[in-house]
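Numbering (this note's numbering), first residue to last: 2 to 119.
Ideal Cβ positions, reconstructed from N, Cα and C, are used throughout, including at glycine.
Remember, it's a predicted structure, so these values are computed and weren't measured experimentally.
Just below is one structure, and these are the notes that go with it.
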Amino acid sequence: MRRGDRGSVTAELAVGLPALVLLLLASLTAVSAVITKLECVDAAREAVRAEARGEHGVTAGRRVAPDGARVRVGGQGETVRAIVSTRVRPLGPYLPGIEVSATAVAEREPGVVSGGGS
Numbered sequence: 002m003r004r005g006d007r008g009s010v011t012a013e014l015a016v017g018l019p020a021l022v023l024l025l026l027a028s029l030t031a032v033s034a035v036i037t038k039l040e041c042v043d044a045a046r047e048a049v050r051a052e053a054r055g056e057h058g059v060t061a062g063r064r065v066a067p068d069g070a071r072v073r074v075g076g077q078g079e080t081v082r083a084i085v086s087t088r089v090r091p092l093g094p095y096l097p098g099i100e101v102s103a104t105a106v107a108e109r110e111p112g113v114v115s116g117g118g119s
């Protein structure tokens with residue numbers, strides 16, 4: 002090793018390691034957001050399916066929804082719509098989060114009265 006090269010590995014590590022940690026945190030945030038999005042999709046599907054059958058859609062959606070998610074169910078005529086939304090905060094409550102939502106739409110089952118489940 003030459004004299005001019007002493008400490009170069011330490012300097013490169015000091016610059017590269019924070020960038021690697023930042024990349025890891027960004028990846029974990031993205032994975033967390035995708036998982037939460039899939040949970041919202043499942044909850045919206047369950048809520049709209051229950052409401053279309055004449056059951057209470059909000060209750061069905063909350064059983065599957067992520068913690069703290071908002072479940073809204075409504076519709077007009079023969080159409081039912083469920084919206085599930087929440088905020089993903091993978092780095093704690095002190096940093097801004099990512100808003101994640103999912104919507105599902107279904108047709109009411111024959112014989113189900115509009116607004117019967119909600």
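Every beta strand (DSSP E) stretch that sits fully inside the region 14-97 and reaches 3 residues is listed by chain position as 71-77 and 80-89.
Under the DSSP definition of a beta bridge, E108 partners with T80.
Beta bridge pairing from DSSP links V113 with no other residue.
Just measuring C-alpha positions, the residue of E100, P91 and E108 sitting nearest L26 is P91. V85 is positioned such that its CB atom lies no closer than 7 Å to that of A31.
In the three-state scheme derived from DSSP, where H, G and I count as helix and E and B as strand, V10 is classed as helix. Proximity to V81 across V22, D43 and A107 peaks at A107, based on C-alpha coordinates. In this structure, the beta-carbon distance from A70 to T87 falls below 7 Å. Residue A61 holds the alpha-carbon nearest to the alpha-carbon of D43 among A61, V114 and G75.
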